[in-house]
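Counting from 15, one number per residue, gives the positions in the sequence shown under my numbering. A quick write-up on the structure given underneath.
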Amino acid sequence: MNASRTNTSRHTVSRPSTTGRTRIARRLAVVGGVAASAVVLLAGPALAHVSVQPVGEAAKGGYATVNFKVPNERDDASTVKLEVNFPTEHPLASVAPQAVPGWKIAVTKSKLAKPIEMHGKQITEAVSKVTWTAASGGGVAPGYFQQFPLSVGQLPEDADQLVFKTLQTYDNDEVVRWIDAPTEGAEPESPAPVLTLTAASEDGHGAAPDDKAGADTAGDDDKAGTDQASTESKGGDGESAASSDSSDGMARGLGIAGIVIGVAGVAYGVLGGRRRTPPSTGTPAS
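And the structure:
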């Protein structure tokens, strides 16, 4: 009799049913998918495009060294050409590119509709476009980016920014047109690189337009070139590493956000499954 009661008791102990386990698995799958989608949505605005940044600052009325940063956004093609068009409403008479290993550089000048004065001289033409073309078999491969440095001046005193409409060409003949001007409140689909100008220094210029300033600018260019060459030697074939401090920080932030969302979802799913598990109805054997 006791043996019979014992066997009955053992068989009446409740365990999560197959249906319950299936529901929990489905819940975890859904939560994981939501977490992954959230990470993708957060990463969307961080998609790279051609941009321009000064080395230091770009002060109104002065001179600056700027870098055009060109990421490769394709998985099956390399960037082999970059065309940067200069704003005609604010012509820059002085534009000097820095040599980039593995790339040919062409500087195009155009006549100005209205001459400008620089250092007491009348300037009748200015740079309208700079074109970089990769040597045969070279270019910016998938997963890499390249920087293209320029020394520019004299920056306008009556503008807060300069817009450089840019064309990026891949070796499969695809041309991406980064030409959309910035709009307030929303980023264009294909934004043009924008150089933000800072306030002029107390003497009214960002840098003194004399021989010393030119030497300082050249020194900055040489240092940038040395750093660039070092980076390229590590990436191979004139290609830079596919990350920077800012992109690394963004990637870490997105990764952490995804982990937090995923862990919270898993915990919610498991706890929800436990709440639905019926309590044990077993009776201890006598």
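A virtual CB, placed ideally from N, CA and C, is assigned to each residue, including glycine.
- A straight line joining the alpha-carbon of Lys125 with that of Leu106 spans about 12 Å.
- Membership of Gln160 in the beta strand (DSSP E) is indicated by the continuous run Phe159 to Gly167.
- By the neighbour-count definition (other C-beta atoms within 10 Å, threshold 16), Ala72 is a buried residue.
- Closest by C-alpha distance to Arg88, out of Ala200, Ala206, Asp187 and Ala213, is Asp187.
- Here the alpha carbons of Ser215 and Gln182 stand approximately 35 Å from one another.
- Taking a contact as a CB-CB distance under 8 Å, the pair Val166 and Ala78 counts as one, their CB atoms being some 6 Å apart.
- Taken through DSSP and simplified to helix, strand or coil, Ala149 comes out as coil.
- Counting C-beta pairs closer than 8 Å gives fewer than three between the stretch 128 to 145 and the stretch 186 to 202, which falls short of the contact rule.
- Residue pairing by DSSP puts Pro205 in a beta bridge opposite Asp194.
- Taking the Cβ atoms as the reference, Asn86 lies roughly 7 Å from Phe159, within the contact range of under 8 Å.
- Taking a C-beta distance under 8 Å as the contact criterion, Pro163 and Lys74 do not qualify as a contact pair.
- Around Ala149, the same chain offers Gly116, Trp117 and Lys118 as residues with beta carbons nearer than 8 Å, after the five sequence neighbours per side are excluded.
- Between Val94 and Thr180, the gap from beta carbon to beta carbon reaches 8 Å or more.
- In the structure shown, the three-state DSSP call for Val69 is coil.
- Secondary structure of Val64 (DSSP, three-state): coil.
- The beta carbon of Leu211 is closer than 8 Å to those of Ala72, Ala73, Lys74, Leu169, Pro170, Ala173, Asp174, Gln175 and Leu176 in its chain, skipping five residues each way along the sequence.
- Runs of the beta strand (DSSP E) spanning 3 or more residues and lying entirely within the stretch 76 to 163 occur at 78 to 85, 93 to 99, 108 to 111, 117 to 132 and 135 to 148, in chain order.
- By the beta-carbon neighbour count (other beta carbons within 10 angstroms, threshold 16), Gly151 is exposed.
- Straight across, the Cα-Cα distance linking Val208 with Glu201 is about 12 Å.
- Around the Cβ of Gly199, a 10 Å sphere holds fewer than 16 other Cβ atoms; the residue is exposed.
- In this structure, Ser204 sits away from Ala155, with a CB-CB distance that is not shorter than 8 Å.
- For Ala206, the closest of Thr102, Phe178, Val84 and Thr147 by C-alpha to C-alpha distance is Phe178.
- Annotated three-state conformation of Leu211 is coil, per DSSP.
- By the criterion of a C-beta distance shorter than 6 Å, Ser108 is surrounded in its chain by Gly167, once the five residues flanking it on both sides are discounted.
- When secondary structure is reduced to three states using DSSP, Ala200 falls in the strand class.
- Ranked by how close their Cα comes to the Cα of Thr122, the residues Lys135, Glu139 and Val114 have Glu139 in first place.
- Around the beta carbon of Gln136, fewer than 16 other beta carbons lie within 10 angstroms, which makes this residue exposed.
- Inter-residue distance for Gln112 and Gly153 is about 17 Å (C-alpha atoms, whole angstroms).
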